[in-house]
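Trainee:
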Amino acid sequence: MQIGEEGGPKFQELANIAENNGETYFKGEQIKATRAMRQAVDGVRQRFLDTLIQNIEDRFPDIGLFSAFRIFDPRCLPQDNTERARFGCDELRTILDHLCPAGREPIVDTDTCSTEWPLFKELVHANYSKTSFQELVKIMATQHAGFLLETTKLLAAISVNPMRTVPCERGFSVQNRIKTKGRARIKAENLDVLMTICIEGPPIEQFDFYRALEKFRAEKHCRIFPGPCKVGVSLSAAVI
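If you want this note's numbering, it's the position in the sequence shown, counting the first as 1, plus 15.
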């Protein structure tokens, strides 16, 4: 990578500054940057860039595979008949080679998938050209599995493959918000329930605290609940 070998324009400016009577100036400002110090910075920078490049390559080992998944997005399907007939054949083979490698039991019949591919494209073009991928997976499973069984199974397999890290990052954010230092001993199953409520549940303004407390009291017999349940604004504020 060019930026790794030569550095950007700003870094080259810094690397090429000259010392004048033992003093170093950068854009008119005196700085403490001897030649030895600048060489040390360059060494640290190079190690950082090497590690960064390696992390990127490890994170995306095969960009071509992830790019191939776009053929199942109805919005990517060409409108022109000739282009549509050629569309996605190479990408489908890439996906099948990855999901059904030699020496392992295939999750789908690759030959049947290739045979169903033209039929699948025409079905999507005629009926689901504006449908999202997630909706298409459900439609295929409920309405066309008998007609395009292997393609339906392939779509189901692809649908569980995370295309983005956003959901994972959102999950970590929720986890860190719930599992604070004061709740460090919370069990994994309880954390899972609380995270599900936070992510999938309604807004806090719509949460029925009265119903939640009634259910809790029915399951837990505690001395702190001697009388009838009374829930008001104070309970909502306390829970929040």
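Heads up, the beta-carbon is just placed ideally off N, CA and C, and yes, glycines get one too. Because the structure is a prediction, the values reported are computed rather than measured.
Are residue 80 and residue 123 closer than 8 Å when you measure CB to CB?
Mentor: No, they are not a contact pair.
Trainee: Please work out which residues of its chain come closer than 6 Å, Cβ to Cβ, to residue 140, disregarding the five sequence neighbours upstream and downstream, and give them in chain order.
Mentor: Excluding positions up to five away in sequence, the list reads 92.
Trainee: So, helix, strand or coil for residue 201, using DSSP?
Mentor: Of the three classes helix, strand and coil, the one that applies to residue 201 here is coil, per DSSP.
Trainee: Can you give me the Cβ contacts of residue 38 inside the same chain, cut-off strictly under 7 Å, excluding the 5 residues immediately before and after it?
Mentor: Correct list, in chain order: 45.
Trainee: In three-state terms, what does DSSP make of residue 39?
Mentor: DSSP places residue 39 in strand when its eight states are reduced to three.
Trainee: Do you know how far the Cα of residue 214 is from the Cα of residue 87?
Mentor: Computed Cα separation, rounded: 27 Å.
Trainee: Using the beta-carbon count (16 or more within 10 Å), is residue 155 buried or exposed?
Mentor: Flag for residue 155 reads buried.
Trainee: With three or more C-beta pairs closer than 8 Å as the rule, is the segment 145-160 touching the segment 204-211?
Mentor: No, the segment 204-211 does not touch the segment 145-160.
Trainee: Any contact of the segment 106-113 with the segment 127-138, i.e. 3+ C-beta pairs under 8 Å?
Mentor: Yes: at least three Cβ pairs fall under 8 Å.
Trainee: Residues in the same chain with beta-carbon distance under 7 Å from residue 43, minus the five sequence neighbours each way, listed in chain order, please.
Mentor: Excluding residues within five positions, none has a Cβ falling inside 7 Å.
Trainee: Whole angstroms are fine: how far does the CA of residue 54 sit from the CA of residue 47?
Mentor: If you take the alpha carbons of residue 47 and residue 54, they lie about 13 Å apart.
Trainee: Just the C-alpha distance for residue 185 and residue 142, rounded to the nearest angstrom, thanks.
Mentor: When rounded, the distance between both Cα atoms is 34 Å.
Trainee: Check this for me: beta carbons of residue 102 and residue 136, under 8 Å apart or not?
Mentor: In contact: residue 102 and residue 136 (Cβ atoms closer than 8 Å).
Trainee: Helix, strand or coil: which one does DSSP assign to residue 120?
Mentor: Looking at residue 120 - three-state DSSP - the assignment turns out to be coil, as it is neither helix nor strand.
Trainee: Give me the residue from 144, 150, 188 and 189 with the minimum Cα distance to residue 99.
Mentor: Here the closest residue by C-alpha is 144.
Trainee: Taking the alpha-carbon positions, what's the residue 151 to residue 132 distance?
Mentor: For residue 151 and residue 132, the distance between alpha carbons rounds to 15 Å.
Trainee: Assign residue 234 to buried or exposed, taking buried as 16 or more other Cβ atoms, counted over all protein chains shown, within 10 Å of its Cβ.
Mentor: Burial call: exposed.
Trainee: Just the Cα atoms here: how many angstroms apart are residue 217 and residue 163?
Mentor: Going from the Cα of residue 217 to the Cα of residue 163 covers about 37 Å.
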